[in-house]
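K.L.:
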Amino acid sequence: MVQKHSGSEQDSKRDRASRRTFGSTVSADVPVRLKKEKESSGKGYHVGTDGDPERPGIVGNIRKKASSGSDERNAGTGTDARSGKTVTGRSGRVFYTDDSVFWCDSCHLPLIGEKCCLCGRPGRVVTLSQPADVRFAMDYDVRLVDRLVREAFGCNPLEGKLLLLNKIPGEDQAMEILVEGDVFGTIRFDLVGLRYVFEPSAAGAKILLAEPFAEICRPHTVVLKKAEGHLNGKNVRHDQIGSFPEEIRAGEPVLIISGNLTGYGIASVSGQEFRMIAENSGNAPRSSLDITLQERQPAVRVKAVSSDPLTVLPADSPGIDDVVKANIDHIRNLGKTAINTIRGFVNLEANRAKPVYVSFSGGKDSLVALDLTKSALSGKGQERAFSAVFLNTGIDFPETVSFVRSFCAGNGINLIEKKAGDAFWTELSRLDHPTKDERWCCKVCKLNSADDVERGNEHISVDGKRRHESFVRATIPASDRNPKVRGQMNIFPIRDWRAIEVWLYIRWRGLDYNPLYDRGFERIGCWMCPAAFQAEYVRMSEIHPELAARWESYLAEWARRNGLKKEYTAHGLWRWKELPPKMVRLCEELDLRYPGAPDRKKAKGPEKKEMYRGTGNKQGRPTKNRVRENKGRR
Numbered sequence: 278m279v280q281k282h283s284g285s286e287q288d289s290k291r292d293r294a295s296r297r298t299f300g301s302t303v304s305a306d307v308p309v310r311l312k313k314e315k316e317s318s319g320k321g322y323h324v325g326t327d328g329d330p331e332r333p334g335i336v337g338n339i340r341k342k343a344s345s346g347s348d349e350r351n352a353g354t355g356t357d358a359r360s361g362k363t364v365t366g367r368s369g370r371v372f373y374t375d376d377s378v379f380w381c382d383s384c385h386l387p388l389i390g391e392k393c394c395l396c397g398r399p400g401r402v403v404t405l406s407q408p409a410d411v412r413f414a415m416d417y418d419v420r421l422v423d424r425l426v427r428e429a430f431g432c433n434p435l436e437g438k439l440l441l442l443n444k445i446p447g448e449d450q451a452m453e454i455l456v457e458g459d460v461f462g463t464i465r466f467d468l469v470g471l472r473y474v475f476e477p478s479a480a481g482a483k484i485l486l487a488e489p490f491a492e493i494c495r496p497h498t499v500v501l502k503k504a505e506g507h508l509n510g511k512n513v514r515h516d517q518i519g520s521f522p523e524e525i526r527a528g529e530p531v532l533i534i535s536g537n538l539t540g541y542g543i544a545s546v547s548g549q550e551f552r553m554i555a556e557n558s559g560n561a562p563r564s565s566l567d568i569t570l571q572e573r574q575p576a577v578r579v580k581a582v583s584s585d586p587l588t589v590l591p592a593d594s595p596g597i598d599d600v601v602k603a604n605i606d607h608i609r610n611l612g613k614t615a616i617n618t619i620r621g622f623v624n625l626e627a628n629r630a631k632p633v634y635v636s637f638s639g640g641k642d643s644l645v646a647l648d649l650t651k652s653a654l655s656g657k658g659q660e661r662a663f664s665a666v667f668l669n670t671g672i673d674f675p676e677t678v679s680f681v682r683s684f685c686a687g688n689g690i691n692l693i694e695k696k697a698g699d700a701f702w703t704e705l706s707r708l709d710h711p712t713k714d715e716r717w718c719c720k721v722c723k724l725n726s727a728d729d730v731e732r733g734n735e736h737i738s739v740d741g742k743r744r745h746e747s748f749v750r751a752t753i754p755a756s757d758r759n760p761k762v763r764g765q766m767n768i769f770p771i772r773d774w775r776a777i778e779v780w781l782y783i784r785w786r787g788l789d790y791n792p793l794y795d796r797g798f799e800r801i802g803c804w805m806c807p808a809a810f811q812a813e814y815v816r817m818s819e820i821h822p823e824l825a826a827r828w829e830s831y832l833a834e835w836a837r838r839n840g841l842k843k844e845y846t847a848h849g850l851w852r853w854k855e856l857p858p859k860m861v862r863l864c865e866e867l868d869l870r871y872p873g874a875p876d877r878k879k880a881k882g883p884e885k886k887e888m889y890r891g892t893g894n895k896q897g898r899p900t901k902n903r904v905r906e907n908k909g910r911r
């Protein structure tokens, strides 16, 4: 049982873990939804960071229910209480109903249950963008956020604060930054510039515009003249602006002040361009051409402004150990429920004679599943032999292989390591590389090895898959039979956990974990996995240039054979056999030919002309004003 450890042993483990830097606070996109609560009326509403209220519908209804604070999770009863918390929309997309956590405004920390175990007060509901797999910012994340915020606004109000990151859909890696239970902004990996970019939220703007940061942010602040009517989502012309600092560059986020309204937007022109236009309009009589120019070329697009007061963050911020203490009862309940799930399943009459294995990939989820299985099957009167199974694909990170072996050796766990050897490279010599839509690597490097463990004999595999990892896994059952591994029955004891709960359990138990999480990786897999983000591949190439060199040598030859530019592989487009629409648009923006692209010389259709405005955004990408001339059409 998880609870069997003595306090001294638990403290000792936690002390060892504290030498690791997980959960440290800061020393250093695509807009999504921002949840706000109307405390006075008790009603909630959703405001997008573009300022438009979220239209009512299935998502709104689900979130309203999740925000009521009355679902089973609030009672802290563990994973069973959250089973089946998904709804499928008309389009077939799955929506999570358990899409919220809580925030203790007294202790300034996140809660996974309704009540804070430190102060005893109920937490404020924080509804998350889906899939709602919120987690703590790790070492690399903290440094990344610090750099991006300082580059954008010259200061970082998040320094020294406990940060959460919540992944959101996007072209590549994209995450919301949460501080004090509010979304401060988003960071996303730009596939054109191949770099991370930051955009504040409405709540983030309120923090940046508060003292003592307002003066530092002045070079990035646009002041509007008295506004008439609704501003959110509107383009603002030059003659409607009172102050537009010359330091501003086209395409970058700016803070906005308009009377008692504050918020943020995106600059459409640079500060220098704004000054030139202002000088020209002031030194000469205004003609209809001047007016047309101002109407067609706005200076800034307002994303969101409101009259809500500015926000001053508290001076002190809790550490990860404080968060563990504030959630201790909830963590214990999660552990108990998962342990009972494992015991109950393996002790079924039909399963008592079956060997038990834990699928251990070296990632955080399988690590927790392994520790829970050890607790479940090692208690007095509950002894049951089990082994960890590591499918060494031959293309795993060196850190992963080393961690799996050292963790099992250090914790007295029998490890069965099945090695694929050079199977991947052998297969690659006769086939094109694996892609998102044709991942032959899994069968060659994993499934063949997995099938070799029991060779068709009935067995149980404890698996760490979770519903909140992705929309694809949103509906995984409590257990199922693996159709690709003969005789294997899978059980998923942490399927209802979010990433924050996984990390809280790891910290509470004092478990060592894969060091790659502290080096910028959200998920751990093969180092060149086509299903990974391009952001993760770029990070891999930074810490393992020797691995990247081998892979890029292959990609260069593959691109040459297929008549593709080297930029095609550099932007991660090799990861698809058939490009999805969003990647086709990326190719068009980069002016790259792609497999299956229509012949430009033979292509029929109206001529398309492009007129560029501005000097480019922060990444050197021009802001385009596309004017299409369609013959025969108005």
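Throughout, this note's numbering is defined as the position within the sequence shown, counted from one, plus 277. Just so it is clear, CB atoms sit at the ideal spot from N, CA and C, and this is done for glycine as well. These figures come from a predicted structure and were not determined experimentally.
(1) Taking 7 Å as the cut-off, is the CB of His736 close to at least one heavy atom of the ligand ADP?
(2) By the three-class DSSP mapping on this structure, what secondary structure does Val419 have?
(3) Rounded to whole angstroms, what's the CA-CA distance from Gly787 to Trp780? Just pull it up for me.
(4) Quick check: what's the CA-CA separation for Ala479 versus Ala491?
(5) Are three or more beta carbon pairs between the stretch 690-700 and the stretch 722-740 nearer than 8 Å?
(6) Straight-line CA distance for Pro522 to Val721?
(7) Go to Leu388, then tell me how far its beta strand (DSSP E) extends in each direction, as first and last residue.
(8) How far does the beta strand (DSSP E) with Trp702 in it reach, from first residue to last?
(9) Any contact between the stretch 422-431 and the stretch 626-646? By contact I mean 3 or more CB pairs, one from each, below 8 Å.
(10) Taking the C-alpha atoms as reference points, what is the distance between Leu841 and Phe466?
(11) Please state whether the Cβ-Cβ distance between Trp380 and Gly400 is less than 8 Å.
(12) Assuming the contact rule is C-beta atoms closer than 8 Å, Ile525 and Gly548 should be a hit. Round their C-beta distance to whole Å, please.
(13) Does Trp717 come out as helix, strand or coil in the three-state DSSP assignment?
(14) Indicate whether at least one CB of chain B lies closer than 8 Å to the CB of Ala751.
(15) Helix, strand or coil: which one does DSSP assign to His821?
(16) Along the chain, where does the alpha helix (DSSP H) that runs through Ile619 open and close?
(17) Drop a sphere of 10 angstroms on the beta-carbon of Ala592, count the other beta-carbons inside from all chains shown, and report buried for 16 or more, exposed for fewer.
(18) Verify whether the separation of the beta carbon atoms of Leu386 and Val577 is less than 8 Å.
(19) His507 by DSSP, collapsed to three states: which one?
(20) Along the beta strand (DSSP E) that carries Glu694, what are the first and last residues, could you check?
(21) Alpha carbon to alpha carbon, how far is Leu501 from Gln517? Give it in angstroms, no decimals.
(22) Taking all protein chains shown into account, do 16 or more other C-beta atoms lie within 10 angstroms of the C-beta of Arg707, making it buried, or fewer, making it exposed?
(23) Once DSSP output is grouped into helix, strand and coil, what is the label at Tyr541?
(24) Taking contact to mean 3 or more Cβ pairs, one atom from each stretch, closer than 8 Å, check whether the stretch 470-487 and the stretch 401-413 are in contact.
(25) The alpha helix (DSSP H) with Ser643 in it runs from where to where?
(26) Relative to the C-alpha of Cys685, which residue among Pro595, Asp789 and Asp699 is closest?
(27) Could you tell me how far apart the beta carbons of Gly741 and Asp642 are, in whole angstroms, since I believe they sit closer than 8 Å?
(28) Using the Cα positions of His497 and Glu457, report the straight-line distance between them to the nearest angstrom.
(29) His607: buried (16+ other C-beta within 10 angstroms of its C-beta) or exposed?
(30) So Glu855 and Leu611 are supposed to be a Cβ contact under 8 Å. How far apart are they, rounded?
(31) By DSSP, does Ala482 sit in helix, in strand, or in coil?
(32) Quick one: residues in its chain with C-beta nearer than 7 Å to the C-beta of Phe663, no 5 flanking neighbours on either side, listed in chain order?
(33) State buried or exposed for Lys761, treating a residue as buried only when at least 16 other CB atoms are found within 10 Å of its CB.
(34) Under 8 Å, do Pro575 and Ser535 count as touching if we go by C-beta distance?
(35) So is Trp804 buried or exposed if we call it buried at 16+ other beta carbons inside 10 Å?
(36) May I ask which residues mark the beginning and end of the beta strand (DSSP E) holding Lys742?
P.N.:
The structure says:
(1) This structure does not include the ligand ADP; it has no bound ligands of any sort.
(2) Correct three-state label for Val419: helix.
(3) Straight-line spacing of the CA atoms in Gly787 and Trp780 works out to 10 Å.
(4) 15 Å
(5) yes
(6) If I take the Cα positions, the gap works out to 58 Å.
(7) Element bounds for Leu388: Leu386 to Leu388.
(8) Trp702 -> not in any beta strand (DSSP E); alpha helix (DSSP H) instead, spanning Ala700 to Leu705.
(9) no
(10) A direct Cα-Cα distance of roughly 23 Å separates Leu841 from Phe466.
(11) Contact flag set, yes.
(12) 4 Å
(13) helix
(14) Reference to chain B is not applicable here, since this structure consists of a single protein chain.
(15) coil
(16) Ile605 to Val623
(17) Flag for Ala592 reads exposed.
(18) no
(19) coil
(20) From DSSP, the beta strand (DSSP E) with Glu694 extends over Leu692 to Lys696.
(21) 6 Å
(22) With fewer than 16 Cβ atoms within 10 Å of its Cβ, Arg707 is classed as exposed.
(23) strand
(24) no
(25) Lys641 to Ala653
(26) Looking only at Pro595, Asp789 and Asp699, the smallest Cα-Cα distance to Cys685 is reached by Asp789.
(27) Gly741 to Asp642, Cβ: 3 Å. Contact.
(28) 24 Å
(29) buried
(30) Between Leu611 and Glu855 the Cβ distance is about 41 Å, and since that is not below 8 Å, they are no contact.
(31) In the three-state DSSP reduction, Ala482 falls in the helix class (H, G or I).
(32) Val633, Tyr634, Val635, Thr650 and Leu654
(33) exposed
(34) no
(35) buried
(36) Note, Lys742: premise wrong, no beta strand (DSSP E); not H, not E.
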